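Report on the following structure.
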Amino acid sequence: MLKITQLFLLGTLLIQTELGALQAQDLERKSLAVTVYNANFGIVKDVREAQMKSGISEIRLTDVAAQIDPTSVLVKSQGSIIEQNFRYDLASLSKILERYIEKEIRLIGEDKELLEGTLLSVQGNSVVLRKKDGGLLLIPSIDDYRLSVEALPDGLITKPTLVWLVNSKKSGKENLEVSYKTYGIRWHAEYVALLNPNDEQMELKAWVSVENNSGASYPNAKLKLVAGDVNQVSTQPVLAKAERATFGAAVADEAQFQENSFFEYHIYTLERPATLMENEVKQISLFEADGVRVKKKYLYRGGNSKVSVAIEFQNDKSSGLGQPMPKGTVRVMKSDGQSLEFIGEDELDHTPLKEKVNLKIGDAFDVVAEEVRENYKRISQSVNEQTYKVTLKNRKKENISVEVERYLGLNWEILDSSLKYEKKDASRVVFDVPVKSDSETVLKFTVRYVN
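Sequential numbering from 1 applies to the sequence shown in full-length UniProt numbering.
Here is the structure:
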C-alpha cells in the first residue's frame, strides 16, 4: 500500500481576511450537544469562541461530520454571514498524483531507494517519471513506495470543511453557534427480558445503542435521543458513505436518562456528558423493571399455520412497568434450571403508556392446529355458507388456551359456532379455545358470506 509523506502542516481551524491569511488559531470549543434520531440522522450543536476582526473575515471549521447535510447549516454570529461554503474535495493518493503531473515528486522504496523526477502520467498504480537526465522511468506499481511531496495541492483538503465569510462591525472574542444535520448516526433500543419459571413475570432491562458512522467524533457532548417517527424530505449525503467496521462498547452506567414529552415525540436526555467516537456503537442503560406481570399466549391465525407463542403485558405501573418504550428488539431469556437460555425475540414499536404489548417468541412444539373446510353451500349468486373445522392438539402436560383469530372479509355473519367468539373488528373474529393436557379440542363454525 502506498504511503504518503506529507511535508506540510494544516491547521484544523483557520481564520483569514480577504486581504491575506492571518495566523492560524484554534477555536476553543465552549460546548457540544448531539441530538440523535431513530432514522439515521442527528443534529449537532457546536459553540466555538473566535477572535473576530472588524470587517470581512473568512472562518474555516474542519472538524465537522463527513456525512453533513450542508444545506442544513445554521450559524449564529454577531456579525453578518454573507457567504457559506462546504468543501469536500478530500485529499487522496489519486487526487494528489493528478495535481502533481508536470511537477517534481519523490518515491522512497522499502530499501530506502530514492526515485526522483517529473511526473508525466498516472494510470492506476502505474506512473511515468522523467528523470533529470531526460530519460523516462516507468514504474508498473508504486504500492511498495512512499510518496513525498512538498505541499498539499491547491484545492484539496484533508477534512470536510465549512467556510464562512463574516462581516463583523467590531473586533473581539465572540461565540459562534454552529448547528447542522448529519447522516450516519442513529439510535435504537435493546431490551433483554428474563421470564420467571412459571412464565407469569419478567425482569426487563432496557439499553440504548447509539451507532456513530457520521464521519466525526463528539467528545463530552450533551446527548439527547428523540423517539418517534420524524418526517424527512428524501435526500442523499454529499459525501458517499465509506465502508466502516463498527465495534461494540457496552457501557454499564448508573446514570439514567431524563424522559420528557416533546412535540409529538419523546426525548431522552442523558444526565451526564458522553463521548461518541467515530465508528463506534455505544450502549447506555435506559431503565430496569423487575416483577413485570406477563401472560403467555398461544395464537393460531388460520390457514393451517403453526401455533405461535407470545408474551403479553400492559405498559402501566400496576403491571410493574409504566413508562414510554422506544422501538427496538426484545430478546427473551429463561433459565432451564442450570443456565439462562435464549427462547426468542421480536421487534417492539414505539409504545406509549397504558398500551398493551404482544411479543411473538416462536412456534409451539407440542401444540398443533389442523384446519379443514367441511362444507360449502351456495345459497344464491351473491350468498354462500361455509363450515370450518379447526382441531387443536395439546401434547403438553398442562392445560392451555389457544386464541384462534380468523379473517373473514367484510360482509359476513357467523350462523353457528361450537364455542363463543368475539368480533375483533369489521373483518376479524377471535375464539378462545381451551385444550386440556394431552388432549384435543375441535372448533367448528359456519359463516355466511355476502358478496
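A virtual CB, placed ideally from N, CA and C, is assigned to each residue, including glycine. Fair warning: this is a prediction, and the values are worked out from it, not measured in the lab.
Per the C-alpha coordinates, the member of Tyr183, Lys205, Lys181 positioned closest to Glu190 is Lys205. Separation of the CB atoms of Ile361 and Ile311 is rounded to 6 Å, and the pair is thereby assigned contact status at 8 Å.
Between the beta-carbon of Leu27 and that of Ala50 there is about 5 Å, and that keeps the pair under the 8 Å contact cut. The criterion of a C-beta distance shorter than 8 Å is not satisfied by Gln283 and Glu271. Per DSSP, Ile96 is not a residue of any beta strand (DSSP E); the alpha helix (DSSP H) it occupies stretches across 93–99.
Partner residues in the beta bridge of Gly55, as assigned by DSSP, are Ser168. In the DSSP assignment, Pro219 falls within the unbroken beta strand (DSSP E) covering 218–227. With contacts defined by Cβ atoms closer than 8 Å, Arg130 and Leu120 form a contacting pair. The alpha-carbon separation between Ile101 and Thr118 amounts to approximately 7 Å.
Ranked by how close their Cα comes to the Cα of Ile43, the residues Glu113, Asp416, Tyr183 have Tyr183 in first place. Judged by their CB atoms, Ser54 and Ser168 are nearer to each other than the 8 Å cut-off. Scanning Val372, Ser427, Gln323 for the CA closest to the CA of Lys444 turns up Val372.
Setting aside the 5 residues that flank it on each side, Asp349 is surrounded in the same chain by Lys327, each with a C-beta closer than 8 Å to its C-beta; the list follows chain order. Between Leu359 and Val404, the CB-CB gap reaches or exceeds 8 Å. Note on Ser57: 16 or more other CB atoms within 10 angstroms of its CB, so buried under the neighbour-count rule. The Cβ-Cβ distance between Asn451 and Ser339 does not fall below 8 Å. Lys393 is the residue among Lys393, Phe287, Lys389, Ser319 whose C-alpha sits nearest the C-alpha of Phe365.
With fewer than 16 other Cβ atoms inside 10 Å of its own Cβ, Val442 counts as exposed. Judged by their CB atoms, Asn38 and His188 are nearer to each other than the 8 Å cut-off.
Shown here, Ser80 sits in a strand according to DSSP, grouped into three states.
Its Cα nearest to that of Asp143, the residue Asn125 stands out among Met333, Thr158, Asn125, Ser209. Nearest Cα to Ala66 within the set Ala216, Asp133, Leu156: Ala216.
No Cβ-Cβ contact shorter than 8 Å links Lys295 with Val309. For Glu200, no pairing in a beta bridge is given by DSSP. Counting only runs of 3 or more residues that sit fully inside the stretch 325–363, the beta strand (DSSP E) segments are 328–335, 340–348, 356–363, in chain order.
Counting only runs of 3+ residues, the beta strand (DSSP E) found wholly inside the stretch 260–318 occupies 265–270, 274–276, 280–293, 295–300, 308–314, in chain order. With contacts defined as CB atoms closer than 8 Å, Arg378 and Leu415 fail to qualify as a contacting pair. In the DSSP assignment, Val64 is bridged to no other residue. Per DSSP, the beta-bridge partners of Pro434 are Ser401. If you ignore the 5 residues before and after Gly172, its C-beta comes within less than 7 Å of the C-beta of Met52, all in its own chain and listed in chain order.
Apart from sequence neighbours up to five positions away, the residues of its chain that approach Ser427 with a beta-carbon distance below 7 Å are Tyr407, Leu408, Gly409, Leu410, ordered along the chain. When secondary structure is reduced to three states using DSSP, Tyr88 falls in the coil class, being assigned neither helix nor strand. Rounded to whole angstroms, the separation of the alpha carbons of Pro70 and Val233 is 15 Å. The continuous stretches of beta strand (DSSP E) do not include Thr158, and DSSP gives it neither H nor E.
The beta-carbon separation of Val292 and Gln201, rounded to 6 Å, stays under the 8 Å limit for a contact.
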